[in-house]
Structure formats: structure tokens, C-alpha cells
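Take a look at the structure set out below.
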Amino acid sequence: MKSVILKIVRGGTFGAAYLFFAFLACLTAAAHAAEPRFCVVPVLNGKPTKADVGDAHRMTYPKHEMPWLPSILFMPFNRGGQWLVDKDRRYSAVQLPFPDSYLDSGRWVEEPGTKRIIATPFWHTRPAILALNQGAPQFEELRIPSNPGMLRFSNPIVFEPTGEVLLTSSAGTIFVVKGAEVAPWPHSALLSNRFSTWREMAYSRELQALVIAEPDGDGRSSRLFVIQDGAVTNLGKFAAAGVRLSDIEGAASSLIIGATKVARIDRHDRGARPAHFSLQPLLAEPIPPISPRLFYSKLHKAHFYFGPAGLAKEDAFTSTADGIWVSIKNFLARSSAANSVAYLKEPIDAQWYRVTREGIIAIPGGTRKGIVWTDFETSKVVDFADLSETFAISGDVLSVFDGATLSIVPETKHQSLGKPKQFAGQTTIGRALFATHSAVFALSKERATKLEAPGLILNDYELIAMKDWPTARVVLVATTRGLVAVDENLGIQVVSSNIEFTAVDNFVAQNPESGDMIMTTKDRIVVVVDTLKHGRDICSRPAD
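See below:
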């Protein structure tokens with residue numbers, strides 16, 4: 004090749020030389036274009052040990068993401084300690100200002116005034132309330148008045164009218180964070196304090212008030228209180244512990260959802276504060292499944308409920324305090340003061356409902372036949388704002404909601420959806436993707452288009468999972484055959500790998516420091532790297 008180039012140059016044929024070098028440039032560009040953009044790279048020290056019971060997933064669970072932490076922090080139960088995937092893509096032990104405890108996103112809040120983190124670790128060397136200032140080397144322990152003994156503390160919440168952080172203890176006391184200490188919240192004295200037990204709290208923007216559920220003495224119900232401007236309204240008894248709030252936007256109402264019941268709290272201002280509040284039952288009788296499947300659509304400002312068709316009193320699940328098994332039609336159920344369980348004896352007909360201020364309304368097109376217990380557990384409602392569409396999953400049916408009715412997406416009508424039944428794409432590629440156990444569909448207002456390309460032509464149950472990758476602006480799809488990336492134009496690229504690895508077991512998370520996608524296989528931790536950001540040299544890293 005060198006002699007050919009010299010002959011062209013010496014011969015004085017400048018035009019020919021120009022064309023030759025242009026040809027070489029095209030070949031080089033084509034070679035680079037043919038190289039995959041993404042590659043799988045092994046994480047050093049990423050193979051599980053005996054302490055991890057040979058399972059890489061145990062090395063990345065539980066994981067924690069919090070402001071001011073340099074990376075995703077792993078605190079594995081089996082091996083213990085604090086670990087992260089560092090900038091060199093190495094699984095490394097670290098000592099960060101983090102409590103020796105399980106501390107997921109529900110157990111900390113950011114204090115509005117100071118921006119510090121207020122946390123209540125779930126498993127700590129002893130009960131504590133902790134605070135982390137930006138740049139501080141470690142959490143500081145806040146002073147608690149008197150000796151609380153072995154009290155545990157609830158998830159902290161922000162009381163929006165004042166910006167104060169509130170939490171309750173296992174003795175029922177409501178505390179407020181005040182600088183370096185916590186103190187009893189003055190308004191808690193207005194409550195009954197009849198039982199020394201947990202209280203559950205949530206602030207409702209629609210009610211403009213704090214809602215508190217205080218477990219009653221029978222173990223199967225709670226008393227509801229609403230606090231606004233220092234005044235307390237006792238709404239009476241509701242469902243057992245485990246209640247949660249879900250506001251109805253623009254309606255001055257909030258749904259309160261218990262283990263087996265659903266009701267609505269309404270605010271009546273009447274031109275004065277504190278307002279008057281009332282409790283209206285929606286699912287007055289406990290309805291199976293035991294955990295009501297309610298979903299909120301921001302697009303339609305509506306709550307959806309998936310439950311048995313033709314709701315009627317004789318179909319309701321009724322509990323017994325002594326824990327006796329009771330059989331009611333197709334349900335076999337058990338309830339006691341400690342727990343409640345229920346399951347289906349045989350498939351039933353189910354229905355999608357809208358939960359409104361007027362009550363529960365069956366949605367036309369929302370009847371589903373042959374629903375089994377797991378179908379209740381996997382049902383979901385997902386908004387796609389860019390499409391102005393809301394999709395609902397129930398059993399093997401994918402439907403689209405137009406504001407009034409549910410219509411089955413035609414291209415999926417005869418598909419066996421199976422697992423994972425995942426949605427992705429809205430935050431990364433601006434498209435709606437839906438994954439069944441053997442295919443990926445791109446959803447639009449009119450139809451669903453099955454994506455077919457090398458790497459996505461699959462047999463039954465070969466699709467494992469799908470995950471948005473924000474920094475790369477793609478959706479990753481893991482199959483038993485490998486890994487592919489889907490871009491905004493629905494282009495599909497196979498992710499390359501220089502190492503042998505088993506199928507992806509779990510997408511962990513995007514690493515905030517490097518932008519890599521952290522994953523686990525059965526036998527190691529790996530990352531997917533974007534070569535546009537990090538170059539191709541890292542793709543040749545060997546496994547350790």
C-alpha cells in the first residue's frame with residue numbers, strides 16, 4: 004500500500020492522489036460507522052464471592068441515591084459495608100457519610116429551609132434521627148427529648164405550610180425537627196393519644212391539611228384526623244393500618260386508600276379557615292384483591308381501579324378477627340389482627356373503574372374475562388404525555404384510554420403478553436415502547452408497531468427486561484440472546500461485548516458519575532458504556 008501511494012505522488016497525479024486519500028477516508032469512516040456505539044464492559048472486582056452467595060445481584064442491593072453522594076451507593080446485606088462502582092469502573096469499598104442502615108428513598112427528605120437531609124434509618128445500631136449538611140463528613144444525630152428507649156421512627160414528611168419536617172415514633176408521639184434537635188409537635192396534643200402506637204401521616208395539597216391515621220384498638224381499623232391551621236377534625240373510623248393518600252387534582256379532595264377499603268376526603272371551605280372536612284366511602288365494603296389496585300392518570304386527572312366485575316356486597320371480602328379462613332364465592336381469604344391475605348380459587352371476570360367524586364363508575368370496554376390473581380398484581384396504568392395517551396394493562400390485554408372508554412390495542416389483541424409487560428421511552432427517546440415476553444412494540448395513537456431487527460427476533464419468553472438510559476438517550480432491551488439499544492428513530496443497535504457473560508439478570512441504575520448503565524448478570528457486575536462519550540478503548544478491557 005505504501006509503494007502504491009508513493010507511485011501516485013511521484014507520478015505527479017495530484018488528482019488521483021486526492022481521490023485515493025478520499026477513498027481511504029471513506030473506508031475509515033465506514034469502518035468506524037460499523038462499530039457498535041455501545042459495549043459491555045466488566046466491572047473490576049465485580050464477581051460475586053462466597054459472602055454474596057455467588058449472586059451478583061446481592062452485591063447491588065439495596066442501592067441508595069441521595070443528593071451529595073458521588074455515586075449510587077450499595078449496602079449489600081450479605082457482605083456488609085458500603086460499596087460503589089467508581090470512576091475506574093471498579094467495585095470498591097468506601098466510607099461515606101452514611102448511616103450503617105438500610106436507608107431507601109422513603110426514609111429521608113430534604114429540609115426546605117436548610118437543604119440538609121433528614122433521615123430515619125430503618126435498621127440502625129439504635130433508634131436515631133439523623134441530619135446531613137452539604138459537605139459534612141458524616142450524618143449528625145439529632146437530640147431527642149427524654150429517653151425514648153427503643154422507639155422506632157417513621158418516614159419523615161415535609162409539612163408544606165411551615166416547611167417543617169415531621170415524623171412519628173412507635174409510641175405515637177409526633178416530632179418536629181428544630182435545628183439540632185427534635186421536639187414534640189405542639190398540635191399532636193390535640194389528638195386522642197389513646198393508644199401508644201404508630202401514627203401514619205401525609206400532607207395533602209388538595210386538602211391543604213395534614214391527614215393522620217391512628218390505629219384503633221381492634222387492630223383492624225384506624226381513626227382519621229385532619230389538621231389545618233391548628234384545628235383538628237375527627238373523621239371517625241376507617242381501614243386498618245397501611246393507609247395512603249392520593250389527591251384528586253383540582254377537586255379539593257383526596258382519596259384515602261387502606262388495605263381493603265377506599266374512601267374520599269372532601270374539603271369544604273365555605274369561605275373560612277379552618278375548613279370543614281368530610282369522609283365519603285367509595286368502596287364501602289372491603290373488596291378483593293386485598294390491596295386495591297388504584298392508579299392515577301395526570302393526563303386525565305382521574306383515578307383508575309381494577310377489581311372484580313359487578314361490584315356487589317355479596318362479592319365482598321369480609322375479614323374475621325380470629326383468623327378463620329372464609330370462602331366467599333371465588334375468593335378464599337383470611338384476615339387477622341396481624342395480617343390479611345386473599346387469593347382467587349378460580350379465574351373471575353374483572354372490570355376497570357374510574358374513581359370520581361360521585362363514586363366508582365365502570366369504564367366502557369373495561370371488562371376482562373378469566374382474570375387470575377397475578378393479573379391483579381401486574382395491572383397498571385401508564386401516561387405518555389407526548390402522545391397524550393393513557394395505556395392500561397390487565398392480564399393479557401393492552402388497552403388505550405381516550406377519556407371515556409378503553410379500547411384494546413389491535414396489534415396486541417392476540418398476543419400472549421406474559422412478562423415483563425414494561426413501558427419505557429418517554430423520558431429518553433420521546434416514544435412509547437411496550438415489552439411483552441417475546442417482542443417490543445412502538446405505540447402510537449393509532450397502532451402498535453412490532454420492532455423487528457437482528458437482536459429482537461425472539462421466541463417465547465426470551466425477552467427479559469427493558470430500561471431507559473437517560474444520558475445515552477436510548478432504551479436498552481435485554482434478551483436471553485444479548486442486549487440491544489433502541490434510539491429515538493426506532494433504530495436498533497446490538498450492544499457489543501468483548502467478554503463472555505450470561506444473560507442480563509437486572510438493570511441496576513445509571514451511574515450518575517460516569518453515565519454508564521450498571522447491570523448484573525448471574526456471575527458478575529457489568530456496565531454498558533457509550534463510546535461517543537468515553538471512546539472505544541475501554542471496550543477491550545478483559546474480565547478479571
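The numbering used here applies: residue 4 is where the sequence shown begins, and numbers increase by one. The C-beta atom is built at its ideal place from N, Cα and C for all residues, glycine as well. Quantities reported herein were computed from a predicted structural model and do not represent experimental measurements.
Collapsed DSSP secondary structure at residue i in the structure displayed
i	result
residue 378	helix
residue 388	helix
residue 145	coil
residue 540	helix
residue 75	coil
residue 417	coil
residue 50	coil
residue 328	Low per-residue confidence applies at residue 328: pLDDT is 34, beneath 50, and the placement is therefore not dependable enough to give any value.
residue 140	coil
residue 89	coil
residue 466	strand
residue 445	strand
residue 1	Examination of residue 1 is not possible in this model, given that the chain is present from 4 through 547 alone.
residue 290	Low per-residue confidence applies at residue 290: pLDDT is 45, beneath 50, and the placement is therefore not dependable enough to give any value.
residue 176	coil
residue 365	strand
residue 193	helix
residue 352	strand
residue 408	coil
Run of the alpha helix (DSSP H) containing residue i, from where it starts to where it stops
i	result
residue 537	534 to 537
Boundaries (first-last residue) of the beta strand (DSSP E) holding residue i
i	result
residue 434	Counting along the chain, residue 434 falls outside any beta strand (DSSP E), and DSSP gives it neither H nor E.
residue 268	265 to 271
residue 123	First-last for residue 123: undefined, no H or E at that position.
residue 508	507 to 513
residue 306	305 to 311
residue 231	225 to 231
residue 168	167 to 171
residue 485	485 to 489
residue 212	212 to 218
residue 453	451 to 453
residue 100	Note, residue 100: premise wrong, no beta strand (DSSP E); not H, not E.
residue 402	400 to 404
residue 497	495 to 497
residue 459	Segment: none, residue 459 is in no beta strand (DSSP E) and carries neither H nor E.
Buried versus exposed call for residue i [16 or more other C-beta atoms within 10 Å across all chains shown]
i	result
residue 240	exposed
residue 264	buried
residue 459	buried
residue 404	buried
residue 3	The displayed coordinates of the chain run from 4 to 547. Any statement about residue 3 would go beyond what the structure contains.
residue 547	exposed
residue 308	buried
residue 156	buried
residue 462	exposed
residue 430	exposed
residue 367	exposed
residue 364	exposed
residue 83	exposed
residue 569	Residue 569 is absent from the model: the chain starts at 4 and stops at 547.
residue 124	buried
residue 354	buried
residue 311	buried
Nearest neighbour of residue i, chosen from the options [CA to CA]
i	options	result
residue 234	280, 201, 250	280
residue 212	192, 248, 180	248
residue 271	480, 231, 491	231
residue 402	443, 451, 57, 516	451
residue 89	538, 525, 517, 540	517
residue 163	542, 254, 202, 207	207
residue 59	47, 67, 70	47
residue 110	67, 82, 79	67
residue 376	172, 349, 526, 446	349
residue 194	228, 181, 101, 161	228
residue 147	182, 161, 313	182
residue 117	141, 167, 524	167
residue 514	544, 543, 474	474
residue 61	543, 542, 544, 528	528
residue 246	201, 255, 154	201
residue 65	45, 305, 87	87
residue 434	446, 299, 538, 457	446
Residue i - partner residues in DSSP beta bridges
i	result
residue 250	257
residue 471	478
residue 298	307
residue 113	120
residue 559	An answer regarding residue 559 cannot be provided, because it is not within the stretch 4 to 547 covered by the chain.
residue 162	167
residue 279	271
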